[in-house]
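Asks: Please read through the structure below; I'll follow up with questions.
There are 2 protein chains.
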Amino acid sequence: MKLARTLIFFLSVQICMLANTVNASGLSDLVEAKDWQTISPGIWKIELGDMSNEIRYTDFAAEPPKLEVLNKKSSPIFPFNQNPARYIQNNDGRIMVYIPTDLTETIYGYGLQLDGIDKSRTVLDLKVDHWGKGNGKTHAPVPFYISSKGYGVFFNTARYIKVYTQVGNRKDANNNPTPLDRNPLPEDKIGEWDPQPGAGAVEASLIADGVEVIIIAGDNMLDIVSRYNLLSGGGALPPLWGLGFWNRVHAEHNADQVKADIAEFSKYNIPLDVVGLEPGWQTKSYPNTFEWQTKRFADPEGFTKDLLKQNIYLNLWQNPYISPEAKIYDKMYPLSGSHMVWLGIVPDYMLPEARKIITDQHWNDHISIGISGYKIDEVDGFDNWLWPDHATFPSGTPGEVMRQTYGLQMQKMMYQDIFKKHNTRTLSMVRASNGAAASHPYALYSDSYDQLEYITGISAASLSGLLWVPEIRSADNGREWLMRFQTTAFSHLAQLNAWSSGTKPWEFDDVTDDVRDVLNLRMQLLPYLYTAFADYNQKGIPPLRAMLLEQNFSTKSEVIKGTLDSEDNPYATDEVVNRNDQYMFGPSILVAPFYDKFPEERDVLLPVGNWYDFYSGELVGNGTKITITAKSLDNKIPLYVKESSVIPMLTKAVINTGEAYGHPLELRLYGTNSGTVRIYEDDGKTFDYQKGNYRIREITVSNGEFDEVISKNGSKAMFGKIEKLRIMTK
Amino acid sequence: MKLARTLIFFLSVQICMLANTVNASGLSDLVEAKDWQTISPGIWKIELGDMSNEIRYTDFAAEPPKLEVLNKKSSPIFPFNQNPARYIQNNDGRIMVYIPTDLTETIYGYGLQLDGIDKSRTVLDLKVDHWGKGNGKTHAPVPFYISSKGYGVFFNTARYIKVYTQVGNRKDANNNPTPLDRNPLPEDKIGEWDPQPGAGAVEASLIADGVEVIIIAGDNMLDIVSRYNLLSGGGALPPLWGLGFWNRVHAEHNADQVKADIAEFSKYNIPLDVVGLEPGWQTKSYPNTFEWQTKRFADPEGFTKDLLKQNIYLNLWQNPYISPEAKIYDKMYPLSGSHMVWLGIVPDYMLPEARKIITDQHWNDHISIGISGYKIDEVDGFDNWLWPDHATFPSGTPGEVMRQTYGLQMQKMMYQDIFKKHNTRTLSMVRASNGAAASHPYALYSDSYDQLEYITGISAASLSGLLWVPEIRSADNGREWLMRFQTTAFSHLAQLNAWSSGTKPWEFDDVTDDVRDVLNLRMQLLPYLYTAFADYNQKGIPPLRAMLLEQNFSTKSEVIKGTLDSEDNPYATDEVVNRNDQYMFGPSILVAPFYDKFPEERDVLLPVGNWYDFYSGELVGNGTKITITAKSLDNKIPLYVKESSVIPMLTKAVINTGEAYGHPLELRLYGTNSGTVRIYEDDGKTFDYQKGNYRIREITVSNGEFDEVISKNGSKAMFGKIEKLRIMTK
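Those protein sequence lines, which keep their order, are chains H and U. The working numbering puts the first sequence at residues 178 to 907. The working numbering puts the second sequence at residues 178 to 907.
Given below as structure tokens:
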């Protein structure tokens, strides 16, 4: 930083006024961002400043951009031809990107923001951290937003970035509101003074040599997000087993106790595909050795294989901080950063040597014996746990960049050097991620335990190429337990994580049948859900998604005008209610879970078009707000199906996904018209689908009959024949 | 930023391992901070990196360091001879200062941290903002701490600075704890796993060319703080009227209503010295014109002078953001920053021209007609109100530095170009301040309305050269109202601020007499309090102070061991209880207010030495914890007086400080020994005291008699003769 300012202080006499004044007058200082390069139709990028030493999130994508799909997309016009994007770089090491907006535009996104997806008129610190309750810090603070005007903006940089979204009025902007005096207000303006006047831009601020900006336009909101996901390599396609039910066992369990747990699941007839081992399976866990603790697990390979025979996959918890007692410690020591976490060294995975040490160990000790994946914990925050911003790493990567990308580095390393290398898919978990991560088969999670935040996470994740697990650990009563299970069953990854209490799904007698029912329903929906993930992979379409991404649906925060209160609200600040408590599960099913704020009765906003009750097939509304009660649904989760949808399901629930292979199907048609549906099939386990080894079954239902065509036949069948057609709507 | 790192990514093959490894091994990377310069005995400074373009907080002090006092101080040894302070500056624009600590050392301070003064084992973002409830952001985030080992450290830079206090274990430090595995813990270590292992340093991290570090050692904790204040120019000496009672009137009041309010105070016999006008006295307030609204105040000069005749001083609210309708707008426009606040321009007061425009206007329109000072509001935050970090200013000062210093700039400008220039003292208010501010006659305040935070603020302010107003605006009942008044009456500036409700001190009949009593007591204590401020000015001794600054008193946070709870406390994080709910008011009186958590009964920790009840003179304890009830004190505020103290008071309460001039005194002696006291006197209004125009009355009380000597006689008398001696302890 060579600070060129004239250092003026109160006692100084001389000042170079003319030059300085010219340099600071607002918008006119800014430089137009002119030389946009086209990546594919509707996607443009520009490098502002010097990117030669900067790191991009796209560097960490699992797969390269799916240009073959993107290049077939429509060509929307560049959104900033009239009002150009601009930037300014000063001598103080800071660069700012100015993206114009209208005052009426709504801005959504910025990653896993669990307080709501509408981020208009906010200031956010996009920094990987524990969930910061609205300040922008979160497990995946993706610097990508989409606008109600039909474009997205992605700041493709691994720096801390602070985004002033429609906040901060430049003095020479031409779209500022007119100042209203606050006190006294003119009589006709009482209540109209706004403590935060709208501003017509997103100003993204970072300290870096340069920043890459990517603009994405599309035919609609869903298309913008899909293009973002395709640019990130297409969405992850999990193995089929990943979509079954997961249970993390008590952290102190040994092999026999794990087996006993599994037997109990079987006894209670509760689906189970994945068992997660928590800290304690290894000789040391805080910090970590990654080596099996033989007192508890005497024969890891035999144990793992025994479980696999029952179609049960094992997932291993870890955090990446290495214990002095680990065999790899000495080799890793010189390849680690200046600071420790929980007294374990922090490997620098920007170094190929470091990656080799850990992935060799993981392959040899875990994956080669049948372990299915990991839960990579504690790569997010807090500041008082992780390395400081000034920590140094042997690769020279700044501590800040390591913080923003450590979760991505772990995902990429394991994807590339373990799973893809050995042609075995995983679905795993990670507590921090970031931009361009759609192609990574990892679901995020949090220590938040707020039900609405967990539901909102599904919508938020869908806007930024993320998958999300709303955890269940405990509940105060059966009703809460059931509501949590219902949300979880209709999320990306369905898991119970009672690592501390060991609580089981059948903890509350009064709801055990209901819990089983909703998990069974998820299992029955496997063909539908797996196909939704295939669309994520091939087309970038998120498998679960915010209502915003539906056609004919507009979502906007409700603004409750603030009332002056000298103690509680001295600025009469408005309350913005940003309720994202319903979402789409696949292309056809709208989910509106009950939760603590609305445990017995809630509203559902239906998009325009006919919507039908999933269970009864009855028409429930069209572009309307309906009110439903838990009682009227017999405590089932509220699900609504779009007109002319055909839902492919297993004819019966299965106890695990192993039994889904070859299982007969039924189709359910909703509405009074004909309908079509695709079913995607492959081996469910390997990356062979990338070579075209998959099948597409195209089905048309009309006049009470169905017609099936195999439109792509690169793989043997996955599910069985269609045995049943149910015309749900009378 | 010329980022010299080797850019390595996953697909890259080459890597310069050796050089990089050497560069990142922890403590061994750091450079010893060697060339400390002595400022005065016990004060050393060093410039790390390049300070030529950096701005220091000491640049904004109202007065130069009081070297003549500092040079007479003792010469403690430099605290880092054994274990040196270190730093590292990387090519990424970042500099980090490493100050070693013991793991057992307690660190206090960092400015106005309203959650407690013990800041051991924390990470704080020291940034001017609204109070951030413990993240370091606050109205005055002074980068100055004092250690239980007897030294202080001041990072003298106007940059955002993040301090990792005993957080972050460097891998090659020699004072790290031994790692304990978390799961399973050895049987004899159950409950001992610590999610935040202690670390042996303060690591202060900032993005800047350089940083100046000042180390202050002293004979004891109070001496360290006193030296810091002397380095800052000595503490502010308010005019006598500033120590009376303040009332801010309803924002919509006109001149007649203000006069009616004053008459009511008189009728209820409630002391009143200062009336504050809130937004509305000017033609436009959000943004501001600074010009009188003649509809409400037809004759500002006549009105102000009428009030002065009644010994009532007027204080004017303002924020600094200038309305397009202000007469000075056009001249100020080119001298303002890129962004507006509330649609008003933000003057760049680093420019002498800008300072001249505003101080000329303020002098002509306000101060020259008798206005006593200002309440400078909203110079602190939030991010969504103030200018962004990347805002540019014509002086070239970075937006971040403007944010950290805007409150300081306003204080310095007004001190220098208005008040001192015209030889008239002020006591004013400001909502943001920062380092080296002791010599500024401004008290801080907040929109926090938590009683304990308000009480804690008094202790916190005392460690960093700040004054503090715990506001009163309303209460739910008489008891709360009284408790708030009692704390306020024993704070730096005693004010009621019912700007929105217009609530008066006599709002709750049941406590009106008690409210009057405590305000009267403050008025009676004027000689004692004014002398305490003179000691602040001349010796740097804070007039009110944290118990920590008392000899024979040790305060440490209580640590409540965390209990594992998978939902609420998954890391079994300890709770740190940092209770700072008693403090010293002047050298002799310990104040332990009742507040919402302890409204009827509370503990008081008495330092070693005999302590006496203020009202009865009875011995209450010595180094003990006592429990007191409101009832036993007849609802009076608990006050305890140190052994051998002599308290100089007015014989009776006065309705305003104008009546204190020449008023006879009484002395109260506590304890069974003799005692001495000094009384400081000057004209109470001007800066003539700086030329030696003040008086010191030295009084000794023994054997039931007192002896008075005028040890310094540069001014005429302020208070009257001593008429009464009360031997309080029988």
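Backbone N, C-alpha and C fix where the C-beta goes; we use that ideal spot for every residue, glycine too. These numbers were taken from a predicted model, which means no experiment stands behind them.
Which residues, in chain order, does the stretch 508-530 of chain U contribute to contact with chain H at a C-beta distance below 9 Å?
Replies: Those would be Y510, P511, L512, S513, G514, S515, H516, M517, V518, W519, L520, G521, I522, V523, D525, Y526, M527, L528, P529, E530, in chain order.
Asks: Starting from M606 (chain H), trace the beta strand (DSSP E) both ways and give me its first and last residue.
Replies: Unbroken beta strand (DSSP E) run through M606 (chain H): 605-607.
Asks: By a C-beta neighbour count over all protein chains shown, 10 Å radius and 16 as the cutoff for buried, is N496 (chain U) buried or exposed?
Replies: N496 (chain U) is buried by the Cβ-count criterion.
Asks: For N267 (chain U), go through chain A and note every residue whose CB falls closer than 8 Å to its CB, in chain order.
Replies: Looking at the structure shown, chain A is missing, and the protein chains on hand are H and U.
Asks: Output needed for F255 (chain U): all residues of its chain with C-beta closer than 8 Å, excluding positions within five of it in sequence on either side, in chain order.
Replies: The residues are W213, W221, I392, A394.
Asks: In terms of residues, what are the limits of the alpha helix (DSSP H) holding F148 (chain H)?
Replies: Because chain H in this structure spans residues 178 to 907, residue 148 (chain H) falls outside the shown range and cannot be described.
Asks: Under a CB-based cut-off of 9 Å, is L184 (chain H) close to chain U?
Replies: Low local confidence applies: a pLDDT of 35 at L184 (chain H) is under 50, so the model's placement there is unreliable, with the coordinate-based value given in what follows. Yes, L184 (chain H) lies at the interface with chain U (some Cβ there is under 9 Å from its Cβ).
Asks: Specify the secondary structure class of V319 (chain H) as computed by DSSP and reduced to three states.
Replies: DSSP places V319 (chain H) in coil when its eight states are reduced to three.
Asks: Which residues in the same chain have their Cβ closer than 8 Å to the Cβ of I445 (chain H), if we skip the five residues on either side of it in sequence?
Replies: First, the residue type needs correcting, since residue 445 (chain H) is Tyr and not Ile in the sequence shown. Same-chain partners within the cutoff: K681, P682, W683, T689, R693.
Asks: Please return the same chain residues whose Cβ sits closer than 6 Å to the Cβ of I649 (chain U), not counting the five positions on each side in sequence.
Replies: Result list for I649 (chain U): R661, T665, L673, in chain order.
Asks: For H516 (chain U), report the span of its beta strand (DSSP E) as first-last.
Replies: Its beta strand (DSSP E) spans residues 513-518.
Asks: List, in order along the chain, the chain H residues whose C-beta lies closer than 9 Å to that of Y463 (chain U)?
Replies: Those within 9 Å of Y463 (chain U) in chain H are P356, L357, D358, R359, N360, W370, P372.
Asks: Does any CB atom of chain U fall closer than 9 Å to the CB of L741 (chain H)?
Replies: L741 (chain H) counts as touching chain U.
Asks: Name the DSSP bridge partner or partners of M273 (chain U)?
Replies: Partner(s): U:I265, U:S382.
Asks: Going by the CB atoms, is the gap between T708 (chain H) and P529 (chain H) shorter than 9 Å?
Replies: No, the Cβ-Cβ distance between P529 (chain H) and T708 (chain H) is not below 9 Å.
Asks: In whole angstroms, what separates the C-alpha of V300 (chain H) from that of A615 (chain H)?
Replies: Computed Cα separation, rounded: 25 Å.
Asks: Which same chain residues, not among the five before or five after P241 (chain H), have their C-beta less than 8 Å away from its C-beta?
Replies: Cβ neighbours of P241 (chain H) beyond the five flanking positions: G410.
Asks: When the Cα atoms are used, what is the spatial distance from F321 (chain U) to T334 (chain U)?
Replies: Answer to the nearest angstrom: the Cα atoms are 11 Å apart.
Asks: Check whether the Cβ of Y760 (chain U) lies closer than 8 Å to any heavy atom of the ligand NAD, and answer yes or no.
Replies: Among the components modelled here there is no ligand, and therefore nothing to report on the ligand NAD.
Asks: Given a limit of 8 Å on CB to CB distance, which residues of the stretch 375-408 of chain U reach chain H?
Replies: The stretch 375-408 of chain U vs chain H, Cβ under 8 Å: E380, S382, I384, A385, D386.
Asks: At the level of alpha carbons, what is the spacing between L383 (chain U) and I265 (chain U)?
Replies: Cα to Cα, the separation comes out at about 11 Å.
Asks: Report yes or no: is there a C-beta of chain H within less than 9 Å of the C-beta of E744 (chain U)?
Replies: So, interface residue.
Asks: Taking 9 Å as the CB-CB cut-off, is I904 (chain U) touching chain H?
Replies: It does not; no Cβ of chain H falls within 9 Å.
Asks: For S678 (chain U), go through chain H and note every residue whose CB falls closer than 8 Å to its CB, in chain order.
Replies: Those within 8 Å of S678 (chain U) in chain H are S743.
Asks: If we ignore side chains and look at the alpha-carbon of each, how far apart do K486 (chain H) and S793 (chain H) end up?
Replies: In a straight line, the C-alpha of K486 (chain H) is about 38 Å away from that of S793 (chain H).
Asks: Hey, T569 (chain H) and G514 (chain H): beta-carbon distance below 9 Å or not?
Replies: Result yes, Cβ atoms of T569 (chain H) and G514 (chain H) sit closer than 9 Å.
Asks: From the DSSP secondary-structure annotation, give me the bridge partner or partners of K348 (chain U).
Replies: Paired residues: none, contrary to the question.
Asks: Hey, does A675 (chain H) have any beta-carbon neighbour from chain U nearer than 9 Å?
Replies: Closer than 9 Å: yes.
Asks: Answer yes if the stretch 412-421 of chain H comes into contact with the stretch 604-618 of chain H, meaning at least three C-beta pairs across the two stretches below 8 Å, and no otherwise.
Replies: Because the criterion of three Cβ pairs below 8 Å is met, the stretch 604-618 of chain H and the stretch 412-421 of chain H touch.
Asks: Under the DSSP definition of a beta bridge, which residues are partnered with Q434 (chain U)?
Replies: Its beta-bridge partners do not exist; DSSP assigns none.
Asks: With a cut-off of 8 Å on the beta carbons, I'd call S500 (chain U) and P356 (chain H) a contact; round off their distance for me.
Replies: With a Cβ gap of about 6 Å, S500 (chain U) and P356 (chain H) count as contacting.
Asks: Answer with yes or no whether the minimum CB distance from Y341 (chain H) to chain U is below 9 Å.
Replies: Yes, contact with chain U.
Asks: Counting C-beta neighbours from all protein chains within 10 Å, is the total for L244 (chain H) 16 or more, i.e. buried, or is it exposed?
Replies: L244 (chain H) should be labelled exposed.
Asks: Using 8 Å as the Cβ pair cut-off and three pairs as the minimum, do the stretch 759-774 of chain U and the stretch 807-818 of chain U touch?
Replies: Judged by Cβ distances under 8 Å, the stretch 759-774 of chain U makes contact with the stretch 807-818 of chain U, as three or more pairs qualify.
Asks: Can you look up L933 (chain U) in the DSSP assignment and give me helix, strand or coil?
Replies: Summary: the structure shown does not reach residue 933 (chain U), with chain U confined to residues 178 through 907, and so no result is reported for it.
Asks: Enumerate in chain order the residues of its own chain whose CB-to-CB distance from Y748 (chain H) is below 6 Å, with the five nearest sequence positions on each side excluded.
Replies: If we look at Y748 (chain H) and ignore the five residues flanking it on each side, its Cβ neighbours are P372.
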